[in-house]
Each structure stands twice: as structure tokens, then as C-alpha cells.
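First up is the structure itself, then whatever we jot down about it.
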Amino acid sequence: MFHAIAKSEFAVRPAPLPASCTRIGRLLVVEDDLKIRGSIMAHLAEQQCTAVGCGALDVARHLQGPPLSLIIINARLGPLSGLDILRQIRERSHVPVILYRDKYQANLEPIIGLELGADDYCSGPLSPDELLARARAILRRQELGRRFAPQLRGGHRFHGWELRHSTRRLTSPAGEEVSLTKKEYALLSALLEAPDRPLSRLHLMRATRTHEDIYDRSIDVLVLRLRRKLACHPSGVDLIKTERGFGYIFDARVETLY
Numbered sequence: 011m012f013h014a015i016a017k018s019e020f021a022v023r024p025a026p027l028p029a030s031c032t033r034i035g036r037l038l039v040v041e042d043d044l045k046i047r048g049s050i051m052a053h054l055a056e057q058q059c060t061a062v063g064c065g066a067l068d069v070a071r072h073l074q075g076p077p078l079s080l081i082i083i084n085a086r087l088g089p090l091s092g093l094d095i096l097r098q099i100r101e102r103s104h105v106p107v108i109l110y111r112d113k114y115q116a117n118l119e120p121i122i123g124l125e126l127g128a129d130d131y132c133s134g135p136l137s138p139d140e141l142l143a144r145a146r147a148i149l150r151r152q153e154l155g156r157r158f159a160p161q162l163r164g165g166h167r168f169h170g171w172e173l174r175h176s177t178r179r180l181t182s183p184a185g186e187e188v189s190l191t192k193k194e195y196a197l198l199s200a201l202l203e204a205p206d207r208p209l210s211r212l213h214l215m216r217a218t219r220t221h222e223d224i225y226d227r228s229i230d231v232l233v234l235r236l237r238r239k240l241a242c243h244p245s246g247v248d249l250i251k252t253e254r255g256f257g258y259i260f261d262a263r264v265e266t267l268y
């Protein structure tokens with residue numbers, strides 16, 4: 011059950027954090043139901059998190075405001091669904107996103123949500139404790155990734171394509187920029203570092219920090235997304251080949267840029 015409801019507040023400011031408590035930044039809760047939104051935000055405030063709440067139509071405004079550490083979205087929003095909101099976010103930001111639904115979901119919605127760029131999806135009786143634990147786990151992995159990420163060279167060229175690591179920009183042979191999510195960028199970088207070499211799913215999951223505890227095939231979904239983006243140009247079709255029962259191979263001559 012939820013905690014006492016915050017009546018009509020759109021933001022709840024937490025008490026000062028003790029020195030031993032790690033800050034997880036500023037969270038945005040996207041929920042049209044004021045009762046549920048208030049419950050989640052009150053719980054976050056009790057746990058000394060800064061929480062900002064809004065409905066589906068106000069997300070764009072918050073993306074233009076102060077930086078967000080993570081966004082929590084109800085998948086069943088209306089008139090826009092949580093998947094619609096996720097698409098809008100991914101067009102302009104790499105901020106981590108958790109989708110949730112307060113009933114168990116047996117259809118393709120969780121898979122579609124992850125394919126569109128969500129970092130996590132949870133369903134079933136809504137638990138603010140679980141949402142916060144998942145948020146902390148995502149941000150903890152993100153911080154570890156920043157701390158221990160390998161120093162990549164300037165970039166790579168392959169089949170007329172160019173990937174620049176300083177800007178994370180992928181340019182097609184036609185000179186068009188192809189947007190990549192942070193996971194798609196990490197996956198392509200890992201493949202370009204070892205062309206013509208079979209890479210296991212486990213290796214790629216570690217390289218992209220894909221959450222193995224959500225779906226066993228989450229890396230396959232990520233590969234599918236990247237394949238679709240590369241296929242926007244004929245030279246990008248079939249660059250990523252499947253090694254059955256093992257993983258994937260990047261089939262191209264790759265030039266390293268310094």
C-alpha cells in the first residue's frame with residue numbers, strides 16, 4: 011500500500027541528506043493520477059530524494075528545465091501512453107527511464123518499451139520501494155560505467171560511415187546524422203573495436219551494461235534496434251551478422267581514427 015497522499019504538490023523537497031547518504035539526483039515522476047503521483051513522490055521524499063511530478067503533457071517542459079537524473083513513467087498514461095512519452099524523451103535526451111504498470115503485463119508492451127529505449131520495466135502491484143531500488147541500481151551502474159569506461163580513440167570509419175566518440179555522432183555515407191541512444195552507441199563501439207570477430211552476448215551485455223535480470227534476450231532487442239538504424243543506408247544492411255548460439259559479428263573493414 012502507498013503512504014499518505016500529498017494533496018496537490020507537483021514537487022516535494024526532501025530534508026537535508028546525512029553525509030553518509032548518496033544523492034541520486036533529481037527524479038521526474040510522470041503520472042496523470044494525482045493520488046498515485048503524490049504517493050510515489052511522498053515516498054521518495056521520505057527516502058531523501060528530490061522528486062518532481064507532472065502529467066503526460068508537461069514532460070517536454072521539464073526536459074528543458076534543470077537536469078534530471080532519471081524519469082519514472084506510468085506506461086498506461088492518457089491521452090499519450092507511456093510509450094509515446096518515451097519516444098519523445100529519446101528524441102532529445104539519454105536520461106535513464108523506468109516504465110511501470112500497476113498490473114501484471116503479459117503482452118509485448120514491456121519488450122516494446124525496452125526496444126524504444128527504456129532502461130527498465132516493472133509491472134504488478136505498484137511498490138514505491140521497488141521503483142526506488144530500481145532507480146538506484148540504474149544510476150549506480152551508470153556511475154560505474156562512467157568511472158571505468160575505456161578511453162576510446164577519436165572514432166571509426168566503416169563502409170563510408172563515421173562514428174566520432176567525442177560527440178557520439180554517427181554519420182551515414184550520405185552525410186546524414188543517425189541518432190543513437192547511449193546503449194546503441196555502446197553496442198556499436200564494442201562491435202567496431204573487434205570487427206570480424208565473434209562477440210558473445212555476455213560480452214556485449216557487459217559492454218552496454220544491459221540489465222541481464224530483466225529479459226534474457228535484451229541484447230538481441232538492442233542489436234535489432236541498431237540494425238534498423240544502420241539499414242537507413244544500403245551500405246549499412248547486414249553489417250551485424252548473427253553467430254548462432256553465441257552472439258554477433260561485425261562484418262566490415264574498420265578504420266580507426268586518431
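Under the numbering used here, the first residue of the sequence shown is numbered 11, with each subsequent residue one higher. All residues carry an ideal CB built from backbone N, CA and C; glycine is no exception.
Three-state secondary structure (DSSP) of residue i
i	result
Ala-281	Residue 281 lies beyond the residue range present for the chain, which begins at 11 and ends at 268; the question has no answer from this structure.
Ile-99	helix
Glu-253	strand
Gly-165	strand
Arg-86	coil
Leu-267	strand
Leu-118	coil
Leu-44	helix
Leu-124	helix
Asp-248	coil
Leu-149	helix
Thr-32	Reliability fails at Thr-32, whose pLDDT of 42 lies under 50, so the model's placement of it is uncertain and no value is given.
Between the CA atoms of residue j and residue i - distance to the nearest angstrom
i	j	result
Gln-57	Leu-240	43 angstroms
Asp-248	Asp-94	29 angstroms
Pro-135	Arg-86	14 angstroms
Cys-64	Ser-49	13 angstroms
Leu-67	Pro-89	9 angstroms
Pro-138	Leu-54	8 angstroms
Start-to-end residues for the beta strand (DSSP E) that takes in residue i
i	result
Asp-130	130 to 133
Gly-63	60 to 64
Val-105	Careful: Val-105 lies outside any beta strand (DSSP E) and carries neither H nor E.
For residue i, the nearest candidate out of the options (CA to CA)
i	options	result
Ala-61	Leu-38, Lys-45, Pro-76	Leu-38
Asp-206	Val-231, Ile-259, Lys-193	Ile-259
Glu-101	Gly-75, Thr-191, Arg-254	Thr-191
Tyr-268	His-175, Ala-262, Ala-184, Ala-196	His-175
Leu-73	Asn-84, Glu-41, Gln-98	Gln-98
First through last residue of the alpha helix (DSSP H) which encompasses residue i
i	result
Val-39	Run containing Val-39: none in the alpha helix (DSSP H); it sits in the beta strand (DSSP E), 36 to 40.
Ala-241	That residue, Ala-241, is in no alpha helix (DSSP H); it is neither H nor E in DSSP.
Leu-136	Looking at the DSSP string, Leu-136 is not in any alpha helix (DSSP H), and its letter there is neither H nor E.
Leu-78	Per DSSP, Leu-78 belongs to no alpha helix (DSSP H) and is neither H nor E.
Quick one: complete alpha helix (DSSP H) runs, 4+ long, within the stretch 167 to 235?
Contiguous alpha helix (DSSP H) elements confined to the stretch 167 to 235 occur at 192 to 202, 211 to 218, taking only those with 4 or more residues.
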